[in-house]
Structure formats: structure tokens, C-alpha cells
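Chains as they are written, first to last, in the numbering used here: chain A, 39 to 376; chain B, 39 to 376; chain C, 39 to 376; chain D, 39 to 376.
4 protein chains.
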Amino acid sequence: MLIQLFESCSPQQLDSIVKRVRELGYKPTFVKTFSNRYLVCIGTAEVDIRTIGTLPGVKDVHVVEDPNKLVSRQWRVTPTSIDLGDGVTISRSQFTIAAGPCSIESEEQVVKTVSFLKEQNVSIMRGGVFKPRSSPYAFRGLGIEGLELFARHCRANGIKVVSEVMQVSQIEPMYPYVDIFQVGTRNAQNFNLLDELGKVNKPVLLKRGMSQTLTDFLASAEYIFSSGNERIILCERGIRAFEKEYRNTLDLNAIPYLKDKSHLPVFCDPSHGIGIREYVEPMALAAQMAGADGVLLEIHETPEKAVSDGQQTLNFEEAQQVFRKLRMLENMNIDMMG
Amino acid sequence: MLIQLFESCSPQQLDSIVKRVRELGYKPTFVKTFSNRYLVCIGTAEVDIRTIGTLPGVKDVHVVEDPNKLVSRQWRVTPTSIDLGDGVTISRSQFTIAAGPCSIESEEQVVKTVSFLKEQNVSIMRGGVFKPRSSPYAFRGLGIEGLELFARHCRANGIKVVSEVMQVSQIEPMYPYVDIFQVGTRNAQNFNLLDELGKVNKPVLLKRGMSQTLTDFLASAEYIFSSGNERIILCERGIRAFEKEYRNTLDLNAIPYLKDKSHLPVFCDPSHGIGIREYVEPMALAAQMAGADGVLLEIHETPEKAVSDGQQTLNFEEAQQVFRKLRMLENMNIDMMG
Amino acid sequence: MLIQLFESCSPQQLDSIVKRVRELGYKPTFVKTFSNRYLVCIGTAEVDIRTIGTLPGVKDVHVVEDPNKLVSRQWRVTPTSIDLGDGVTISRSQFTIAAGPCSIESEEQVVKTVSFLKEQNVSIMRGGVFKPRSSPYAFRGLGIEGLELFARHCRANGIKVVSEVMQVSQIEPMYPYVDIFQVGTRNAQNFNLLDELGKVNKPVLLKRGMSQTLTDFLASAEYIFSSGNERIILCERGIRAFEKEYRNTLDLNAIPYLKDKSHLPVFCDPSHGIGIREYVEPMALAAQMAGADGVLLEIHETPEKAVSDGQQTLNFEEAQQVFRKLRMLENMNIDMMG
Amino acid sequence: MLIQLFESCSPQQLDSIVKRVRELGYKPTFVKTFSNRYLVCIGTAEVDIRTIGTLPGVKDVHVVEDPNKLVSRQWRVTPTSIDLGDGVTISRSQFTIAAGPCSIESEEQVVKTVSFLKEQNVSIMRGGVFKPRSSPYAFRGLGIEGLELFARHCRANGIKVVSEVMQVSQIEPMYPYVDIFQVGTRNAQNFNLLDELGKVNKPVLLKRGMSQTLTDFLASAEYIFSSGNERIILCERGIRAFEKEYRNTLDLNAIPYLKDKSHLPVFCDPSHGIGIREYVEPMALAAQMAGADGVLLEIHETPEKAVSDGQQTLNFEEAQQVFRKLRMLENMNIDMMG
């Protein structure tokens, strides 16, 4: 059961509601986000929700049977739309392209990429400055200085910045520079990080853990939401399965499932999802037709020289073609639905 | 190494070629299909293939590094096209829709489905009469009588028949009625069945084993080809992974991979691939954009009454919409490529 | 619900029982095995089974909630014991060792192995003469001649023969020579083969499919049992998972689960389960402690010269040590339980 | 290549060695642990290591081909032994039992468990005070106060404390109370946490990620080691596979593999590995025979009342029996090896 509260709901009113909910056999958790207030009620007893709906302070009340409540579409039927400012919005009504290198490497690289993206009307750039690497001896990224130059050039060109945060202590220094905090697959159940990102007033792009069930994936999003941040983007990026020919196994089944169960926007990362440059284009197009609201693409002026992930990175020419096709498909999609 | 032989290649010439191949450290296997003759040579020694190319009887010779030779695109760059007669062709240059019920249940069902497919310009109907069921107590299909009535109505309407063969002894009785023999996921490594289907002059639609690597999947196709039958359609139908929310995990990564490695047409079965009716449409469209040459769709006039797989079966109205969108996408695909 | 019938149950009595069962909302299947008669009743209605128990012809009746009925321990609490003759018995009260080469290669090999096994008091020899191989160009076994010589030497020395059957047409020619028919992992859901093996009066060793759930594995055993053959040995041999360092991932969790759910003996094949010679010993011992009733071990006088699976095959010296440790553990196990 | 340095190695000597290593085409990383100094050299060039071995400051030099160097057994053939004080040592020469509840719940629970463990001669107690939970609404543990009372009773009885750390900020407050920091499966690739634990002079028990390859698991251990902490215990706790009948799929194959590749002690957690109370005993015994150096067992006086994981938790009577059998096996193991 999910209770939406009026902003004007007084402490006394809240106490009464909480008391009532407990009497009904539910365990209430009060949630205050940057925009709303909720009472998430966990329990299984049958309840006539109208008896709640009329209590002072209650704005609305819904039965939500999904295990994850706040991210469920059972109460919020209008999909969540995330406004990044400057006319850049992530939502189900338009397809979003975010592209950029795996790692930020140099100012020259940033300048070239920003210029390419601007020319291509791509308004979100991805790029890592803190890199999670299996081996401690691998390149771990340029850090905050890299992020600063990344952000500087993006802002000068109206491009939004998405970059991975790996630990709580990075949130504060990253905050001035990113428009979206990205959580990587290895941190998908780093619950403390999720909690802290819930307290930050910037959107979070949450990648699915590589062996995370969809219920647990939504639970990870529920962590962020219940800590206060409603602006979450889910991202499928490939699961760990038995096939050895590709880096990961992109689970596009997840796209229609997540869009059906949750009101959050759902992205796809085909670059990691297959991990082979030649096959990124068909998987990006497939992701769009599966219903993804956006894609994250790894691009680089000279992929063969990239410090990381070059084998799955598109060059600018290839990227341009993928962008063109994704946009043709988007237009067509609108036609088909009409 | 793959050697194509002239049809006129004499036994003596063949002996000489075999002898030469053995001297080079390769193990030769002579393959005679319904249309061609080959010498498949397994080995790793470095060879100047020109010294083979000039031998009498040799039509052409190719280095094929892939472990599976005859199905590899390394020697046959023109994709295989399969002519089913009456203008029905399976190939990479047009998108094929095959649809029908999981199980053939009754004449009435067949009549209605055939009529619907004809109206929709769908020229291949799928339907099972021998059903592989996990439990011995489940419905196992109508058998040959079911197939006979299935084929009778299809033929009267110019529709081709695809149906699953479960064992060698079914090949002969099924032969007069089917246009394509289907091999199910549980028989993907039933090597004797594959061998025998290699001796049959009808196309085979081979479904990927539910935990079969792509290399092994191509090896299963190689069994059929090397036993004599070149007309094989590969079909991705979902793998077994950890996610419990859907029946199988559709591995669309397999589509661009298989199209790149093999010259055979590649289909997709989104109905089994996700197993949830509401999500079949986006997965069918995604499969097409991933590059599939065709789809296999489960449809039924009243899915809720189907004897098997009703939960993943589209009704006629839903099917009609999927067909329409698949065709719009096909047209668009042609535009995009142009 | 499972009804055991008296052998003396007349057709009229059977009809009455069937009628009654149908009235209760259950679907009955009559099963006649080499030793017993049953009525397997599929349904979910609540029934007071005493009303069945008193019907003429009924020996006993049990509620069996497991999806697979005949193989369930819910009605047969005494574990199944399989007598192979000559004092060789497979059961839960003693640990069985079966060993031998992956493939039968030559008479010399058979003679040496038989002699070694006899010396070691191992009374079951495994060896393949029909080999399921991923590639059509790999060695496929010596066939029936190989089996004949394999059996000849075993019989002369009181050793029982277990060998894999790959297709229905092999059952009859193999019948005179084998003591146990083995079904390989790729045929674990070859339902026609299972059905036919149900009609054969020889035990069947059924290997788990490499991605088969345990419920489906028991369903495969149920096929054999419901077709008439009660003498089935279940065998865990490794599943397909993500780890690339070993050939398969031995799922020892399956051992206590299967022993708890089924009355059938449960074996383990650590050779395939890990696929690395150096690690076979610890996994064999682990299988025994997990509760396996026996192991299947690949051994060869000179593993490095074996035509197949040499990398996972123990030489005689290594095998001798594993046998010794398994027997010490068996004795100890008895002590521990005491 | 791994270079061990003398403690007396001067900065000038180090510079010379680094210079030489770079000339040879290797990338050196200087590592200083609580007990030793190393130069980890990443590269593939062929080197005559004797030319390094004679440089001033070099104690020893080894070719280490494994991707993870410091944790490899290729240079340190004597297995790592971890002394916890008070005569409690973790090593390959004796079997370690660690047991305790999933969550610390109350002082009464701690007192009873400590008393039981003392009586059973079990010298390590596990218990969580920070609980990683999929859902944000589940019990998250008693926190530092819980740890304080947990540690107080353990210390008064000579029992060592192992407890999970979930984030960097918990390390300092936990430090006074724990004898071993545990890293949970969801944090197995939380690289910042691993880095920070490398700087702590207390042993770390590192659980394998639920879909972590063994190479990546060893890489996670390499993170800790290369940050300064050599005292690491690897722990297999079940992987995520397709089987739904148990919580996780215990991968005992990992035990002989890890013991062969690494010098670190290898534990097993059969409670999580199968997740079903009745099957924990056979899996614990199996783990021991697979070669595990210790087990982690969940026990509770009244598992049915445990706040978490009750379904996989042994009661004291069951635990006593498992302890007894594990010790009998340990003695026997020594006999068998003799």
C-alpha cells in the first residue's frame, strides 16, 4: 500500500495515519523526496483503502502489490519524466541518445567529442573519470580534474554530463560537474551508495547488476527513491550468462518488463551489452524497438587508441550512422503507434 | 580448409585430392549434399591453398578458420536462400513471418488459422503435432493425423507447413506433409536426428539448445549440412539464465553474431524467447532490428483456450498488429540501408 | 495422488477405480512396470484418500504433491535398490564406484582396464561406443563391435557394463551387452528415447541435462518409470554456468535435494563435473560426502593418449588412490552415522 | 613478474630496479604491505629474471603468469597462515569452523551463542550488524552498538569476531571490535572498499561475488593485497545459476581451483550456498572434502525466530552434529593423506 501525503500534512496528521496503518497490520516507512511525501506500507492484510483515503493529510492511496512500491507503475501511471534543464528531458515520449568515451582521457579528446556530439544534436555525453577495473593495476581514470574539464566543455556547448560515481565520498566533489550520476553494474547493490544518492538532488542512472534479478534491480531503485530522490533512470547493460563469444548477454526482455512494472525511464547500453563494435548498431536499434527510452553508446574518435573498451567503441562515422537510424526509427515508431 | 568439388570430379580425382590433403596434415571428410560436393578438411597446418586449387576436380578452395566449416560465411559470402516453392523464399533479402498455434488441436482451429494467415499474406504456418513435454502426463499432440489435416488446409491455400520432428522414426511419415522440419531446443544436440535430417531433401529449422553455445549451435547445423542437407534455418528462441520473471531469456546478441559467422538465414522465436504475451510484440520488433531474417510467432484465435503455451500466444488481433509493424519496419529498414 | 494396484486387480476393478478418480477431478494414467502396477492421478482437488484406499484392487494410495509422482519419495519411503546380479547392487546402503574410459578404443585398452578394475574390486565399468560429439568430424566411437568386446571381457571377469545409448534404434543391438543403459546429458529430454528405455528390462543411468532444472530432471526419470522401467539411477554431471575455468560447474547441491525428493539412487560424475584431472579427486570425495550413492569416474591407462576427454581422465595410479579414499570415507560415514 | 624487496631496500635501489623493469617493457607497481615490500610488474616481454635477481635491494624474483600476481601460488608456494592471536590460526593445516547468527539481534542471543560455541570449542563467531538487504524496508541490523556487545561477550570468552563491513565509513568504528572484516558478495567488486581494507591491519574474509569469475575473484583479493593487507581469506558462497529450488548454487569446483591457484586460505559458506537448512550438513561436509580450509555456518538457538535467513540456519543440536562430523572428517583426512 502506498499513501501519498499532502505537503501540508502536519506531524499530528502523520502520526494518526501511521497509527492507523499499524493497526491494519502494516509497517509504515515515511519517505520525503525532493518533491513529495509518502508513507510506504509493507504488509499483506486485506484493507479497504477508502478508510485511509479519507484521513486528513492523505492526498491519495493505492494498493501496490509489487514488492517494490515507490518505483511501481501500479500507483503512478504517468511515466516519470526527468528535466535536465536547457530543454533536455528524459522521458517515454522521446528517445534519448547519450554517447561518449568509456574513459575521459584528455582535453583534446573531450573537445573533439563534444564538438561531434553538438554537430549531431546529441545532448548528453557520457564519460568515466573513476573507472571500476577488475585488476588493481589497470587505469583507474583521471579523477576529479578529468571531470572538471569534461564538464567545462560540455557546459560551454549545452551538453549534459553523465559520469559514474563509485563511492559515497565522490558524490560531493562530483556534484558541481555532473548532471546525472551513473551507478555501475558492480555497485548495483552497494546499498550505502544508493542511500546517499537518494539524498542528492540530481538524477541517477542506475545500471542493472550483471546477475541481478529484475525484482532486485527495482529494489535498488527503490533504495534511491525511498531515500529521497525520485529522478532515476534504469539501464539494462547485459547479464552474465554462459555464452563466451560476447562480453555480456544483453537481456532485452528486461526492457518491456521494466517499462510495464515501473514508471521510471528505461535505458539500454548496447556497447557493454554485446561488447563487440560491429554488433553495437543492430543491438542499439533492437533496444529501441524493444521499447528503450534511450541508449548509452561508447564512442571515440579513434577506438583502437582508447585506453579502455576500444573493442566495443564506435568511431564517429559509425556513431553518426547509428544516430541517424535511431532517429529514423523513432519517427517511424511514432507513425506505427498512430 | 574447405574444398568445393566439381560435380564432374571423378573418383580418381577425389582420391588424388584426398591424398594430397592428408599429406598436408589435414583430415578430409567427403560431403555430398543435394546440390554440391565438398571436401571438409580439418587441421591446423599452414597451407598455400593455391597448390590445392589447381588440382583436377577442384572447383574452389577456401581457408575457413571457424571450427564449423560448411555453415561458415568465410567461404560462402552470398547468404543461403531457401526456396520453398510457390514463390515462398527464405533469405536475407526479405523478412519472413511464420505463425500458428503451439499445438494443432482441431480441424476448426486449423481452418480459422489458415484463413487468418491467408488474409494477412503470411505464407508459412507453424504448428506442433508431436509435442516435447517435460511431464509424461501432459498432452503430447495429435500426431500424424493432426499433421495430415494441418497440411491439407495449408496446401489448399498456398501456405507452407513447418512442424517439429522429435525422432528419426517420425521423419518418413511426416515427410509428405511438411515443408520445413523443425528441430526443437531439447533436440538441438540429438545428433542422430540431425544426421538423418541431413539426408532429407527438405529444409530444416534448427532451434538453438537452451544452453547451447553459439559455436555448438553452428556445429549442430554442420551435422545437418555435412550429412547432405544445405537448407538450414537457424533459430534463436531464448536461453536458460537466472531471471525468473520470464520463461526464457531471449538472446538477441546471437542474431548479429550468427549472421556474421554463417551464411544461413537466422530466425527468432520471440514467443518462447520471453514467454509473456504482452511482451511478444516489442521482442518481435527488436528481433527484426537486430537483423533476424524472420520470426516464428505463436498465435491462436483464443489463446486462453489453447491446450499449450496460451500465456505466450497472441490472439488474431494482436497478431495482425505485429504483422503490420514488422512490415513497416521492413520497408523502413530498406530505406535506412539505402 | 498415486494409487498402487494389486497385481490381481481385474480390468473391471481398474475401470471402477479410474471412474472414481475421474469423478474426483483427477486425470488418471495407468502404469504397468516390470514389477508393479500404478494409477498416477494428476489433479489438485482435495480428496479423502481413504475413500480410494478401500476400493477393490487398490493396494495402497498416497497423496504425492511433488509434480513428478512415481519417482517421488513421498509415497515410496524405502529407497530403490537395483540388483545387477552377481552380487552387484546399487543402493543407498553402500557406495558404488563405476570407472572406465570415456571411449572404448581397443581390445588392449579394455583388457587392461578390466584387469585393473578387477584388482581394485570395482565391479562396474563405464565406456562409450556411441559418442555424442559437438562436431560431426570428431571420433564417434567404435559402435556395436566395440561394445561386444567391451562386454566380453567384463563378463569374463564379473564386471558390469554401463554404456551410453544415443538413439532408439541402438537399444536392441546394445541390449545383449549392457547391464545399464546410460542416457547422456544432451539426451536428457529426448523423450522418445526415455519412453523406449521405459520398456526395456535393464536399469538406466540418467544424466542430468546441462541446463535442466531438478524438477525437469525428475520429470525425465518419470518418463522412464511411467513407461515401465523402475530401475533408474539419477546422475549429476555438472551444469552450464558462467565460469570458464572449468568445463562444467558441478552442482553438488543437487545431491541432497534429489535424495530428499526421490527414492532413486543418485550418482555423481566428477570427471565431467569439473573436467580437470587434478581436481577430480577432491570433487569425487565431496560428492560422496554430499550424499552421492556412487560415482562415475573416467580412467585410462595413459590419459594423455585417450581419444577423448584425456584432460579429465585419471591414470590408474590416481584412480587407485581415489578408490582407496572413497572407501575409507564410506567406512567412516557409517561410523559417523552410528 | 613479481619482485620481493628487502626491507632495507633504499629509495635509490628501488629507483634503479624500477628503471630496469621499465626498460624491460614492464609496468611496475610498488606495493608495501604490513609485512613486506614488492614490485608487481605487469607485462608480457620475455625476461631472464636472473638479471633482476642480482640487483641490490632485490630479495627474490619470480615469473608469475597468472593475471593476479600477489595472491598467486606461483611465487609463494607456502600457503598463507593467518594468526588471530590467542592460539587461533587460519591455515591449510587445520580446519576452521566459524559459526553464528545471520544477524546480531540481542544480548541474550549473543550470550547463548557464545556459550554454545565455547562449549563446542568453536573459536570464531560470525554475526552481522550491518545487513545488506535487497529491500530498503527490511531490517538493516543493530549497527555499532550491536557489534560492541557482540565483541564484548566474544572477547570475554576467547572467541574471535567476524562481521560484515558494507562501506568505507564503517571500517574505523568497526575496527576496535572485529578480528576479521567480512566483505559480502554484493561488495565483492566494491573496489574502493577493497582498497581501504588493504590499509587495515586486520584480516579480511572476502566472499565471492554471486556471478564473479574466479579470475575476477582473485583480482578482488589482489586489490586488498596490493593496498597493503596480505591477510585475506577467500570464501565461496554460491553462485547465481538457473536452478530455482535452492537460494544459490554452491560452486565447490571453486575450492580445488582456488587452492591450486592461490596461496590464500579458502573457506566455504554452505548456509548461503544452498540456503536450505536440511541440506546444510551434507554441503558442509562436501566442502571440507573438496578441500576447504574452513566453513562459515549460520546457527541460531531458534532458527524459526531469527530475524533473517532462518530457513538456512541450523539450531544448536544440528550445529553440534555438523561440528562433530567435520572434526571426524578432519582427523580422517589426515589419516588418508598419511
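Where a beta carbon is used, it is the ideal one built from N, C-alpha and C, also for glycine.
| Item | Value |
| --- | --- |
| Pairwise C-alpha distance: Lys-245 (chain B) and Val-203 (chain B) | 12 Å |
| Gln-132 (chain D) classed as buried or exposed, judged by whether at least 16 other C-beta atoms fall within 10 angstroms | exposed |
| Beta bridge counterpart(s) of Gly-123 (chain A) as assigned by DSSP | A:Val-126 |
| Identity of the residues DSSP links to Tyr-76 (chain C) by a beta bridge | C:Gln-42 and C:Val-69 |
| Chain-ordered neighbours of Gly-329 (chain D) on chain C, where CB pairs are closer than 7 Å | Pro-320 |
| Residues that Ser-207 (chain B) contacts on chain C, provided the C-beta gap is smaller than 9 Å | Val-206, Ser-207 and Asn-230 |
| Residues of the segment 244-257 of chain D with Cβ closer than 7 Å to any Cβ of chain A, in chain order | Met-248, Ser-249, Asp-254 and Ala-257 |
| For Phe-263 (chain C) and Gly-125 (chain C), the rounded distance between their alpha carbons | 24 Å |
| Where Lys-282 (chain B) meets chain A, residues with beta-carbon distance less than 7 Å | Thr-251 |
| Residue-level contact to chain D via CB, Asp-289 (chain C), 8 Å cutoff | yes |
| Nearest to Leu-334 (chain C) (by Cα), restricted to the options C:Ala-344, C:Leu-364 and C:Glu-355 | C:Leu-364 |
| Span of the alpha helix (DSSP H), counted from its first residue to its last, around Glu-260 (chain D) | 252-264 |
| Cβ separation of Ile-162 (chain B) and Pro-241 (chain B), assumed to be a contact under 8 Å, to the nearest whole Å | No, Ile-162 (chain B) and Pro-241 (chain B) are not in contact; Cβ-Cβ is about 11 Å, not under 8 Å. |
| Cβ-based neighbour list, Pro-281 (chain A), same chain, cut-off 7 Å, excluding 5 preceding and 5 following | Just to set this straight, residue 281 (chain A) is Glu in the shown sequence, not Pro. Excluding residues within five positions, the ones whose Cβ falls inside 7 Å are Thr-287. |
| Nonlocal neighbours in the same chain, by C-beta distance under 8 Å from Arg-178 (chain A), ignoring five residues either side | Phe-168, Lys-169 and Arg-171 |
| Identity of the residues DSSP links to Val-200 (chain D) by a beta bridge | D:Arg-164 and D:Ile-218 |
| Residue-level contact to chain A via CB, Thr-67 (chain D), 8 Å cutoff | yes |
| Close Cβ partners of Thr-134 (chain C) (< 7 Å) along its chain, the five nearest in sequence each way excluded | Ile-128, Ile-162, Asp-331 and Gly-332 |
| Chain A contact for Leu-272 (chain B) (CB, 8 Å cutoff) | no |
| Same chain, Cβ closer than 8 Å to Met-212 (chain C), neighbours up to 5 away in sequence not counted | Ile-182, Leu-185, Ser-201, Val-203 and Phe-219 |
| Residue-level contact to chain D via CB, Arg-278 (chain B), 8 Å cutoff | yes |
| Inter-residue spacing [alpha-carbon to alpha-carbon] between Gly-329 (chain C) and Leu-367 (chain B) | 56 Å |
| Cβ neighbour criterion (16 or more within 10 Å) applied to Ile-41 (chain A) | buried |
| Three-state secondary structure assigned by DSSP to Leu-180 (chain C) | coil |
| Residue-chain proximity (Lys-363 (chain A), chain B), Cβ-Cβ < 8 Å | yes |
| 7 Å Cβ shell around Tyr-295 (chain B) - same chain, five flanking residues per side excluded | Leu-252 |
| Pairwise C-alpha distance: Glu-146 (chain A) and Phe-354 (chain A) | 15 Å |
| Status (buried if at least 16 other CB within 10 Å, exposed otherwise) for Pro-341 (chain A) | buried |
| Nearest-angstrom Cα separation, counted from Ile-197 (chain B) out to Met-374 (chain B) | 30 Å |
| Nearest-angstrom beta carbon gap, Cys-79 (chain B) and Lys-65 (chain B) [assumed within contact, 8 Å] | 7 Å |
| Own chain partners of Pro-94 (chain B) with C-beta closer than 6 Å, once the 5 adjacent residues on each side are dropped | Gln-51 |
| Which residues DSSP lists as bridging Thr-134 (chain D), in chain order | D:Gly-332 |
| Residue environment, Gln-359 (chain A), which counts as buried when at least 16 other CB atoms sit within 10 Å | exposed |
| Unbroken stretches of the beta strand (DSSP E), 3 residues or longer, contained in the segment 292-360 of chain C | 304-306 and 332-336 |
| Coarse secondary structure for Asp-373 (chain B), derived from DSSP in three states | helix |
| Counted within 10 angstroms of its Cβ, other Cβ atoms place Asn-369 (chain D) as buried (16 or more) or exposed | exposed |
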